[in-house]
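Number of protein chains: 2
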Amino acid sequence: MLQPRVGYQNLKDSYLFFGINQKIEAYRNHHPGAHLYRMGIGDVSLPLCDAVIRALHQAVDDQASRDHFHGYMPECGAPFLREAIARFYQDRDLPVTADEVFVSSGASDELGDLLDLFDVSSTALIMEPAYPAYVDANIMAGRKMVYLTAGPENDFLPLPDDRLQADLIYLCSPNNPTGAVCTCGHLQAWVDWANDRGAVILFDAAYEAFVSEDLPRSIFEIPGAESCAIEICSLSKTAGFTGTRLGYTVMPRKLVRQGMNLREMWIRNRTTKTNGVSYILQRGGAAVFTEEGQRQIYENIRVYKENARVLMRALDQAGIRYWGGKNAPYIWMKCPDGMGSWECFDLLLNEIQVVGTPGAGFGACGEGYFRLSTFGDPADTREAAGRLLKLWGKTT
Amino acid sequence: MLQPRVGYQNLKDSYLFFGINQKIEAYRNHHPGAHLYRMGIGDVSLPLCDAVIRALHQAVDDQASRDHFHGYMPECGAPFLREAIARFYQDRDLPVTADEVFVSSGASDELGDLLDLFDVSSTALIMEPAYPAYVDANIMAGRKMVYLTAGPENDFLPLPDDRLQADLIYLCSPNNPTGAVCTCGHLQAWVDWANDRGAVILFDAAYEAFVSEDLPRSIFEIPGAESCAIEICSLSKTAGFTGTRLGYTVMPRKLVRQGMNLREMWIRNRTTKTNGVSYILQRGGAAVFTEEGQRQIYENIRVYKENARVLMRALDQAGIRYWGGKNAPYIWMKCPDGMGSWECFDLLLNEIQVVGTPGAGFGACGEGYFRLSTFGDPADTREAAGRLLKLWGKTT
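Respectively, the protein sequence lines represent chains A and B.
So for the first sequence, my numbering puts the first residue at 1; every next one is plus one.
So for the second sequence, my numbering puts the first residue at 1001; every next one is plus one.
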């Protein structure tokens, strides 16, 4: 008799965003036609930029032509895209080479797939509140987990200590959901800790493009990271690819554990378990790394940063405490009046039709917090900010 | 210290197609500008059909428009595509419903990802010669494997017997590499065997569109399959999506093992470990299932079937024994003169510049055989057939 993986039985009942969607659907059934102000799931609202659209159309035309048609792509990524991404690092004086870059279908997919490299006996460290997929993917695999709690006491940026024992460290900066951004000092502490113990850091850099102050955007800015870190990146938030799908991963040659070179294992994994990423999408992705593409994506990012300012101003005026928003597309707010996260969710949905994400969905220590995304439509965001202020403001 | 998966250390040195590509590269370095007749790796040569191209362009335009932009897609597939695929089954009187259809990035990716559902203690059964990724993905995972040998004695279609013990059955029909196609009787024997023992069949139907005689194209044509089989399909060969990427999987509601519903587990897996497949590609995929799309893809399939006829005629004239080619895009040929597979590869590459695939790359029992793909350019295929006949023909 086939034995399914029992880890699945240890999962909690439903995935966070699935639960939110069910509540929204129920609300809509009772209020047909109601407009919702969606500051919840981190989906973008602005279309792809011109440079990407042109590249996608051109690639579709290639697929229509006998002379320019592309069949199977190299499993680890098309050279034109791997090289463009390597240059993107090299332009910041980070010595990443094209063969250390792996093209993926997105950070979410990649974070799940990468677990294939590690024995199930390895312990994963999650800093909560955390993106729920980190936890669930490891529960499914049957992996042991340890948790570090992030909170106001450490500015939502926990540091390692000598008692901590873990092999696989999830580190997300700028952080989802708290918006906290690691300093070089923070990252150096984790890199040193990982190198001392032979641990590996999975550095989720999906929001690096939102760093505007002088803070690290890549873990490879930190000396020693090339022997302990894998950086997982995405064009989802950087360039609006949430529904178009494309990401990339940097796995340095120097990353070796128990005599096994993880980059070589990953090449073997990709060549065995995939047939590469769509030629069309890779052409679209390459356009992001052109001068024109960079200029255009930052025009969109500026819109989202303006959304953040609008929401932060409303929370400031209402006297509500929050973190993030400056170098991250998320605002992590303390629910006012001692409310619970889901209580706050229901209140905002039912009273002002604003949809956010309950902090408790990111781990128990997220209870009493609430995440607002800044990826919404600008007009909706202004209206939502006004409604928040009207609901909670000391003056209306 | 982090422990990488030791299974990777048990892999053989290099993946088949990687090895072939290295030999080709070496040949090209010595013979710059030489034209090669590529009947090797199963890549297609004809561009995407008009209906698909139009749908892809339209979807790219959607991604450029604020009103029609698509962000995150449902993880298990867009309803429009899941429904189109379900109708494709229903039109053949197979009661597949849209929520049993899962959109994937392709059969290769999916066959790797699906292993996530099964405990590592489950034993996998591989019928060799086999697509090498089946074997390697299970070695990486550290899973025990048993092998059944296919050969001329069973027309390359082995049947189960009572002594056999396995939990996970890989079944590929039309077969890669042998081109053998299971009859209903064959499939029924495997379905009954799997249901009796609580095994699960992974039915790789990537080549179903090439069945032109009265043979099963889906395992769900067989009574009882809905409680023991997962069908993995691809648009790669059906519609030329090798470099565009899209596939789908049918996982029936009735598939339950040890009290765990595999379809529900798979929904949980996809919602946790992916963010869905590109909107653009799903629109392109949906066009395949329109009346116009079906007509156009079969025009391309007819070209490949004509390639098969040209190659089979040459082998017939040369008196070389082969299997497949009729209801499958592969011809599985016995190497003449007692040659080994790689010996045959080197001979054809060096003497007549024809690239095929050594049978030994599909398992030890493939030694002495050679695979010809019919996906090549028609003019190249005619020339290759002529060269094969000149090399081996009794009359020139």
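Glycine included, every Cβ here is placed at the ideal spot set by N, Cα and C.
> With PHE1203(B) and GLU1226(B) assumed to form a contact (beta carbons below 8 Å), what rounded beta-carbon distance in angstroms separates them?
Replying inline: In fact, because the Cβ distance is near 12 Å, the residues do not count as touching under 8 Å.
>> If distances are taken between C-alpha atoms only, which option among SER108(A), PHE80(A) and ASP113(A) comes closest to THR97(A)?
In response: PHE80(A)
> Fully enclosed by the segment 210-294 of chain A, which beta strand (DSSP E) runs are 3 residues long or longer?
Replying inline: 229-234 and 247-250
> DSSP puts PRO358(A) in a beta bridge; with which residues?
Replying inline: PHE370(A)
> Between the segment 1054-1061 of chain B and the segment 1294-1311 of chain B, do three or more beta carbon pairs fall short of 8 Å?
Replying inline: no
> For CYS172(A), does the three-state DSSP call read helix, strand or coil?
Replying inline: strand
> Cβ atoms of ALA194(A) and ILE222(A): under 8 Å apart, would you say?
Replying inline: no
>> Restricting to Cα atoms, I'd like to know which of ASN175(A), ASP162(A) and ALA166(A) is closest to TYR131(A).
In response: ASN175(A)
>> Quick check: is the beta carbon of ASN29(A) nearer than 8 Å to any beta carbon in chain B?
In response: no
>> With a threshold of 7 Å on Cβ separation, who are the neighbours of PRO336(A) within its own chain once the five nearest residues in sequence on each side are excluded?
In response: ILE320 and TRP392
> Tell me, which residues are paired with GLY1324(B) by DSSP?
Replying inline: ILE1331(B)
> For ALA1206(B), does the count of other Cβ atoms within 10 angstroms reach 16, so buried, or fall short, so exposed?
Replying inline: buried
>> Counting only beta-carbon separations shorter than 8 Å, does LYS1144(B) have a partner in chain A?
In response: no
>> Below 7 Å on C-beta distance, what does MET312(A) contact in chain B?
In response: Result: empty, since nearest Cβ-Cβ is about 23 Å, beyond 7 Å.
>> In the DSSP output, what is THR1149(B) paired with across the bridge?
In response: GLU1128(B)
>> With a threshold of 8 Å between beta carbons, is HIS57(A) in contact with chain B?
In response: yes
> So, are the CB atoms of SER1108(B) and PHE1375(B) less than 8 Å apart?
Replying inline: no
>> Let's see if you can read the secondary structure: which residues bound the alpha helix (DSSP H) around LEU1011(B)?
In response: No alpha helix (DSSP H) holds LEU1011(B); DSSP gives it neither H nor E.
>> Contact defined as beta carbons within less than 8 Å: I believe ASN275(A) pairs with GLY1042(B). What is the distance between those atoms, to the nearest angstrom?
In response: About 10 Å; that fails the 8 Å criterion.
> Would SER104(A) pass as a contact of VAL277(A) if the rule is Cβ separation under 8 Å?
Replying inline: yes
>> Please classify GLN1009(B) as buried or exposed, where buried requires at least 16 neighbouring CB atoms within 10 angstroms.
In response: exposed
> Just the Cα atoms here: how many angstroms apart are PRO252(A) and ALA229(A)?
Replying inline: 8 Å
>> Would ASN10(A) pass as an interface residue toward chain B - the criterion being a Cβ-Cβ separation below 8 Å?
In response: no
> Start and end of the beta strand (DSSP E) containing PHE1102(B)?
Replying inline: 1101-1104
> Where does GLY1259(B) land, buried or exposed, given buried means 16+ other C-beta within 10 angstroms?
Replying inline: exposed
> In chain B, what lies closer than 9 Å to VAL277(A) by C-beta?
Replying inline: SER1105 and ARG1245
>> Can you pull the chain A neighbours of LEU1168(B), defined as C-beta to C-beta under 7 Å?
In response: LEU2
> In chain order, what residues of the same chain lie with their CB nearer than 7 Å to the CB of THR396(A), ignoring the 5 residues before and after it?
Replying inline: With a pLDDT of 43 at THR396(A), under the threshold of 50, the predicted position of this residue should be treated as unreliable, though the coordinate-derived value follows. Only LYS390 meet the Cβ criterion.
> Taking Cβ-Cβ distances shorter than 9 Å, what residues in chain B pair up with ASP346(A)?
Replying inline: Correct list: empty, because the minimum Cβ distance to chain B is about 23 Å.
> Looking only at its own chain, which residues have a Cβ that is under 8 Å from the Cβ of GLY112(A), when we skip the five neighbours before and after it?
Replying inline: ALA133 and ALA137
>> Would you call the segment 1357-1366 of chain B in contact with the segment 1337-1346 of chain B, where contact means no fewer than 3 C-beta pairs closer than 8 Å?
In response: yes
>> So the candidates are ALA1385(B), GLY1224(B), TRP1323(B) and TYR1027(B); which of them puts its Cα closest to the Cα of ALA1180(B)?
In response: TRP1323(B)
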